[in-house]
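A.B. asks: In terms of our numbering, the numbers along the sequence shown are unbroken and rise by one, the last being 269.
Using N, Cα and C, we set each Cβ at its ideal position, and we do this for glycine too.
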Amino acid sequence: MTLLLVAVTAAPAMAQEAPASSPVVAVSGGIDFVNTYMFRGIRQNSSGLATWPYFDLGVAAFEGEGALKKVSFNLGSWNSAHSDPGGWYESDVYGTLGLAFGGGVSLGTTYTSYTSPDDRFTHVKELAVKLAVDDSAYLGAGALKPYALFAFEMGAEPGKYQADGGSKAGRYLELGVAPGVSGARASLAVPVKLGLSVGNYYELDGVDSTFGFFSAAGIVTVPLGSHWNVHGGAEVQALGDATKALNGGDGERVVGSIGLGFAY
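Have a look at this one:
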């Protein structure tokens, strides 16, 4: 799968008269099929098909009228099973604390445990902070929905417990936008991402490479009733020096995907 800080003026407790509403539980999940699994520009499989089942449980714990609009908690699991070579390549568990403020600003803090049931890589532990702005209220259909994500690996040792298998724990920065258009029958999202190392995240022969990848994608989602959807698209990634080497010398990668999702 990181820090930008936002100065937020908090309202006094007495000004936040609206009590916390009863927790609202949301459940979502799905399964995706992709031709290539790329994790932040780092290739995870070179042939066959990757299958990604995932599940998320969210609880809206608080809603108010002050500077803090909402507090939510999410717990979830994400997995990747590969066809060639076959097996259960990856199983992740994560927990997120989400804070929503006025003006469409949100801040999420996520702890993720990345494991490999097939022992294809060592256990990676990561803490990430994501700052996002939903500018739809200001730009309407032209909203960009920018975000910044800062993540850092915890407890890494030389050659293990880290994404690149390097000598030191890495720190990762991702900047992106996610414009799109929605219709009654389908929606189109065009996410654009830039992945950077801000400290030992993309190491190659002991040298850190700042530029990890740049990607642009198009994803079409078609609703199936009120709670289900089918989605698919393509993503093009341009890779940096370290990620190119980890991709077998190819400087770019095209990822195609199709999947089925639900939300209740």
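So the candidates are 218, 169, 220 and 186; which of them puts its Cα closest to the Cα of residue 147?
C.D. replies: Taking only the C-alpha atoms, the option nearest residue 147 is 186.
A.B. asks: Would DSSP call residue 25 helix, strand or coil?
C.D. replies: Summary for residue 25: the model assigns pLDDT 46, below 50, so the residue's position carries little reliability; its value from the coordinates is reported in the next sentence. Looking at residue 25 - three-state DSSP - the assignment turns out to be coil, as it is neither helix nor strand.
A.B. asks: Out of 118, 143, 251 and 218, which has the shortest C-alpha to C-alpha gap to residue 181?
C.D. replies: Ranking the options by Cα distance to residue 181, first place goes to 218.
A.B. asks: Please list, in chain order, all residues of the same chain as residue 113 whose beta carbon is under 6 angstroms from its beta carbon, the five residues on each side excluded.
C.D. replies: The answer, listed in chain order, is 101, 103 and 135.
A.B. asks: Between residue 250 and residue 209, how many whole angstroms is the CB-CB distance? I'm expecting something under 8 angstroms.
C.D. replies: Correct: roughly 6 angstroms between the Cβ atoms.
A.B. asks: Nearest-angstrom Cα distance between residue 269 and residue 246?
C.D. replies: Answer to the nearest angstrom: the Cα atoms are 42 angstroms apart.
A.B. asks: Taking the continuous alpha helix (DSSP H) assigned at residue 144, which residues delimit it?
C.D. replies: Segment 141-144, the alpha helix (DSSP H) holding residue 144.
A.B. asks: Determine the direct distance from the alpha carbon of residue 123 to that of residue 228, and round the result to whole angstroms.
C.D. replies: Cα-Cα distance, rounded: 35 angstroms.
A.B. asks: Within 10 Å of its beta-carbon, does residue 31 have 16 or more other beta-carbons around it, so buried, or fewer, so exposed?
C.D. replies: By the 10 Å Cβ count, residue 31 comes out exposed.
A.B. asks: Which residue comes first and which comes last in the beta strand (DSSP E) that contains residue 127?
C.D. replies: Here residue 127 belongs to no beta strand (DSSP E), and DSSP marks it neither H nor E.
A.B. asks: Our contact map puts residue 195 next to residue 158 with C-beta atoms below 8 angstroms; I'd like the distance itself, whole angstroms only.
C.D. replies: About 30 angstroms; that fails the 8 angstroms criterion.
A.B. asks: Please report the distance separating the alpha-carbon of residue 203 from that of residue 178.
C.D. replies: Each residue's Cα considered, the two are about 6 angstroms apart.
A.B. asks: How is the beta strand (DSSP E) around residue 114 delimited, first residue to last?
C.D. replies: From DSSP, the beta strand (DSSP E) with residue 114 extends over 110-120.
A.B. asks: Quick check on residue 244: buried or exposed, where buried means 16 or more other Cβ atoms within 10 Å of its Cβ?
C.D. replies: Classification of residue 244: buried, given that the 10 Å Cβ count is 16 or more.
A.B. asks: Return helix, strand or coil for residue 11, following the three-state DSSP convention.
C.D. replies: Since pLDDT at residue 11 reaches only 30, below the 50 mark, its modelled position is unreliable, and the value read off the structure follows with that caveat. Residue 11: coil per DSSP, three-state reduction.
A.B. asks: Going straight from the alpha carbon of residue 221 to that of residue 242, what length do you get?
C.D. replies: Rounded to the nearest angstrom, the two C-alpha atoms are 7 angstroms apart.
A.B. asks: Measuring straight from C-alpha to C-alpha, what distance separates residue 258 and residue 198?
C.D. replies: Cα-Cα distance, rounded: 14 angstroms.
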